[in-house]
Amino acid sequence: MSLTMNYRRQNMSNGETKRSVKESIFYGIAANILIAVLCVQAASDGSPKTIESIKPPFVFSIKTLTPDDKPLAGVKVKCVHPRSQQGRAIVDMVADSNEQGVAVFNVTQADIAQDRYFWFSLADDNFIGNPYVGISPVDNQYSYTFRIMPAEQFQFLFLDEKAKPIPDAKLWLFSDHPNFPGLERGVFRAATSATTDDRGIAAVTFAQVATNIVASADGLASAFIRGASLPKDRPYTIRLSPGCTISGRVVNAENKPVENAKLSATNKDLIMYYMQQFKLEATSDANGGFVLENAQEGTYEIQALMQPPYETMYAKPVSVKIEDNNSVSGVKILAQGGAMLKGRYVTRHKLRIADRTIYISTSSPVRKNWEIKTKDDGSFVVSGLPQNGRGTIVFTMISGYHASVTMPSAYPFFRSIESNRINFDALPHGAYEGVQVEFLLMGRAAGRVFDSSGEPMPGKRLVVRPGAWIYRTNDKGEYTANIPPNERVTLEVVDDASRGIIVKCEPFMIEEGQIIEKDLKVGEESSKLVGQPLPAFEGIDIDFYTQQADGRMLLVCFWDMQQRPSRNCIKQLAGLAGELKQQDVTVIAVQASKVDKDTLDEWMKKNGIDFPVGMIEADAEETRFMWGVKSLPWLILTNREHVVTAVNLNLSEVNEQIQRAESEKQ
Numbered sequence: 072m073s074l075t076m077n078y079r080r081q082n083m084s085n086g087e088t089k090r091s092v093k094e095s096i097f098y099g100i101a102a103n104i105l106i107a108v109l110c111v112q113a114a115s116d117g118s119p120k121t122i123e124s125i126k127p128p129f130v131f132s133i134k135t136l137t138p139d140d141k142p143l144a145g146v147k148v149k150c151v152h153p154r155s156q157q158g159r160a161i162v163d164m165v166a167d168s169n170e171q172g173v174a175v176f177n178v179t180q181a182d183i184a185q186d187r188y189f190w191f192s193l194a195d196d197n198f199i200g201n202p203y204v205g206i207s208p209v210d211n212q213y214s215y216t217f218r219i220m221p222a223e224q225f226q227f228l229f230l231d232e233k234a235k236p237i238p239d240a241k242l243w244l245f246s247d248h249p250n251f252p253g254l255e256r257g258v259f260r261a262a263t264s265a266t267t268d269d270r271g272i273a274a275v276t277f278a279q280v281a282t283n284i285v286a287s288a289d290g291l292a293s294a295f296i297r298g299a300s301l302p303k304d305r306p307y308t309i310r311l312s313p314g315c316t317i318s319g320r321v322v323n324a325e326n327k328p329v330e331n332a333k334l335s336a337t338n339k340d341l342i343m344y345y346m347q348q349f350k351l352e353a354t355s356d357a358n359g360g361f362v363l364e365n366a367q368e369g370t371y372e373i374q375a376l377m378q379p380p381y382e383t384m385y386a387k388p389v390s391v392k393i394e395d396n397n398s399v400s401g402v403k404i405l406a407q408g409g410a411m412l413k414g415r416y417v418t419r420h421k422l423r424i425a426d427r428t429i430y431i432s433t434s435s436p437v438r439k440n441w442e443i444k445t446k447d448d449g450s451f452v453v454s455g456l457p458q459n460g461r462g463t464i465v466f467t468m469i470s471g472y473h474a475s476v477t478m479p480s481a482y483p484f485f486r487s488i489e490s491n492r493i494n495f496d497a498l499p500h501g502a503y504e505g506v507q508v509e510f511l512l513m514g515r516a517a518g519r520v521f522d523s524s525g526e527p528m529p530g531k532r533l534v535v536r537p538g539a540w541i542y543r544t545n546d547k548g549e550y551t552a553n554i555p556p557n558e559r560v561t562l563e564v565v566d567d568a569s570r571g572i573i574v575k576c577e578p579f580m581i582e583e584g585q586i587i588e589k590d591l592k593v594g595e596e597s598s599k600l601v602g603q604p605l606p607a608f609e610g611i612d613i614d615f616y617t618q619q620a621d622g623r624m625l626l627v628c629f630w631d632m633q634q635r636p637s638r639n640c641i642k643q644l645a646g647l648a649g650e651l652k653q654q655d656v657t658v659i660a661v662q663a664s665k666v667d668k669d670t671l672d673e674w675m676k677k678n679g680i681d682f683p684v685g686m687i688e689a690d691a692e693e694t695r696f697m698w699g700v701k702s703l704p705w706l707i708l709t710n711r712e713h714v715v716t717a718v719n720l721n722l723s724e725v726n727e728q729i730q731r732a733e734s735e736k737q
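Structure below.
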């Protein structure tokens, strides 16, 4: 089934003003009084409604409950906007919860373009929890529930192997509790921490719930205690002692030393909390030698990250087992040919681009995970990528912003770019530069989903593609979805039981920060081009005839060189051209708007595009209508007889549609 769609931009014409009303209704105060109705008015100059047009006042309510849903009064809750990573706070306020457990925030100042979210957290030492959430008026969100626990006082005594107190030791407490939201991997994270005084005592306020303890001190091995029972009448004693050492050398294939390599060893038995205190760190010296100190019993995985001038080298992780408190020596870390990636974060918004985390993982030739940080100017260097390896580089997202990653098209082994990540395969040895990660303000689409009879469809899963962001329609069939700007996206409504697509809209694009309304309705019509022979290339200047591809499938892309999504599509097609050729698929591109031919040829040459590219010479609108092209870029696939089998494809769907066309032929 296809769909018919009601697509309404909130524009004004002839002086007429349209309003979009958002109501924030709060019943937690005595007598259940309506506090506020927020009205958002689109710009009166006829421009589309944008995120920047959403203005305060806003009223937020945060409910504080115990894990068994009992309200907690007098709890201090904090509201910050924007959060620290996105500039100096405009809003920084604390409110106490009332008898119904609700803290109310009346916000009169905000900068939604800078950060669409308001960030709420617990600001009360008398309660334990790690609630931290961002909610947004852009998404019509004005309330949230925190589940927390009353705290108790506990003391911890740190002693060394001679039973002497250990000052300045570090303590972290965690709790397992199935009813706490915000659980990560089953662990209630970052509950509390403390440092011991001169007596070796750390006093903390904590909730006694299946307590797990991490203890660390300089010059001593860290300790992990799971499921401790904390006494209330005396300090809980923790004993730390010197650990073992792991020593060895970092060398290249010629057994020559590799200096300045950064080594880290993680105890795989204690990895569940991902804490720095579990990592042993060292740097190789001029002879390639290293010593990792204060290791405890268990299996360590040692990773080495090469530094200049060896940043294009790679070392496989090495496992070492510590038993019976015996040190290990003679460990050999072999540095071999690898790759390096250089780039930079950029943005026109007031965002902090320094110290941003980048996650790297490889699945071949070995599984390896590590992370780096951007420098003060937003630049970064990802070194230690394995030669001929496969993996993924993920750039940390910023809430409310879309990360648009671009890189030179001359790097075909970076096989796909998906929003904030790069996937690479069969990566050759060398240095690769010119990667840019730009943060753009997300747009938003909102509307309703209807069945073929016009009835709303509640509780349906809505997916934004590419990217696979998932949302749900409410009991009225309404949805709100963040949309990456300047990219060709589609919305799919999926049935949970069958996982089949109920509704899929035509591709569309929105501008940075723009808000649109989009209703989706199940229809009966399908594309008239599907099942028909591919139209002749009449009125199109192209050095290609369908007879040249007899017995081969065709993938035709209508695009516009002046639009970034189209340019990205062509670049990605260029990267896939070899793979498609092996599947007997010929790629053809058609420039669908008027551009200078020399400019087009120069761009094609610069970006290494070697498949046929033509230009519409006749009336562009008439040609696009004949081909059924409704937006750009627009992909059309045929079978080997050049009968159209699919239109309006995303690149991620091409392989699936090729296989489907082949199976239908059989």
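Per the numbering used here, the sequence shown runs over residues 72 to 737. Idealized CB from N, CA, C, for every residue including glycine. Quick caveat, the model's predicted, so the values are computed rather than measured.
Please look up how many angstroms separate the CB atoms of residue i and residue j, rounded, as I've assumed it's under 8 Å.
{"i": "Gly359", "j": "Val399", "result": "About 17 Å; that fails the 8 Å criterion."}
{"i": "Arg187", "j": "Ser207", "result": "5 Å"}
{"i": "Thr121", "j": "Ala174", "result": "Between Ala174 and Thr121 the Cβ distance is about 30 Å, and since that is not below 8 Å, they are no contact."}
{"i": "Pro704", "j": "Ile613", "result": "Contact doesn't hold; Cβ gap of about 16 Å is too wide."}
{"i": "Gly449", "j": "Arg415", "result": "5 Å"}
{"i": "Pro499", "j": "Lys439", "result": "At roughly 18 Å, the Cβ-Cβ gap does not stay under 8 Å, so Pro499 and Lys439 are not in contact."}
{"i": "Leu512", "j": "Tyr472", "result": "6 Å"}
{"i": "Leu647", "j": "Val715", "result": "That pair is no contact at about 20 Å."}
{"i": "Arg536", "j": "Arg543", "result": "Wrong, their Cβ atoms sit about 16 Å apart, outside the cutoff."}
Going by DSSP, which residues form a beta bridge with residue i?
{"i": "Ser318", "result": "Val362"}
{"i": "Thr463", "result": "Ser432, Asn494"}
{"i": "Met384", "result": "Gly408"}
{"i": "Asn338", "result": "Tyr371"}
{"i": "Pro221", "result": "Phe198"}
{"i": "Cys576", "result": "DSSP output for Cys576 lists no bridge partner at all."}
{"i": "Gln687", "result": "Inspection of the sequence shows that residue 687 is occupied by Ile rather than by Gln. Per DSSP, Ile611."}
{"i": "Pro236", "result": "Leu230"}
{"i": "Glu352", "result": "Ser335"}
{"i": "His152", "result": "Val162"}
{"i": "Thr657", "result": "Leu625"}
{"i": "His473", "result": "Leu511"}
{"i": "Pro142", "result": "Leu136"}
{"i": "Leu242", "result": "Ala265, Ala286"}
{"i": "Lys403", "result": "Arg320"}
Tell me where the beta strand (DSSP E) around residue i begins and ends.
{"i": "Ala607", "result": "From DSSP, Ala607 is part of no beta strand (DSSP E); its letter is neither H nor E."}
{"i": "Thr709", "result": "705-709"}
{"i": "Pro457", "result": "450-457"}
{"i": "Ile284", "result": "282-287"}
{"i": "Ser132", "result": "129-136"}
{"i": "Ser192", "result": "189-193"}
{"i": "Glu563", "result": "561-565"}
Under the three-state reduction of DSSP, which class applies to residue i: helix, strand or coil?
{"i": "Cys640", "result": "helix"}
{"i": "Lys147", "result": "strand"}
{"i": "Asp210", "result": "helix"}
{"i": "Glu442", "result": "strand"}
{"i": "Thr267", "result": "coil"}
{"i": "Met164", "result": "strand"}
{"i": "Glu733", "result": "helix"}
{"i": "Thr36", "result": "Because the chain spans 72 through 737 in this model, residue 36 falls outside it and cannot be assessed."}
{"i": "Leu301", "result": "coil"}
{"i": "Glu582", "result": "coil"}
{"i": "Ser480", "result": "coil"}
{"i": "Thr216", "result": "strand"}
{"i": "Val725", "result": "helix"}
{"i": "Arg635", "result": "helix"}
{"i": "Lys652", "result": "helix"}
{"i": "Thr741", "result": "The chain is shown from 72 up to 737; residue 741 falls before or after that span and cannot be answered."}
{"i": "Ser124", "result": "helix"}
{"i": "Gln619", "result": "helix"}
{"i": "Ala663", "result": "coil"}
{"i": "Leu647", "result": "helix"}
{"i": "Leu720", "result": "coil"}
{"i": "Glu526", "result": "coil"}
{"i": "Ile183", "result": "coil"}
{"i": "Leu600", "result": "coil"}
What residue range does the alpha helix (DSSP H) around residue i cover?
{"i": "Glu673", "result": "668-677"}
Using a C-beta cutoff of 8 Å, does residue i count as contacting chain D?
{"i": "Pro380", "result": "Within the model displayed, chain D is absent; a lone protein chain is all it includes."}
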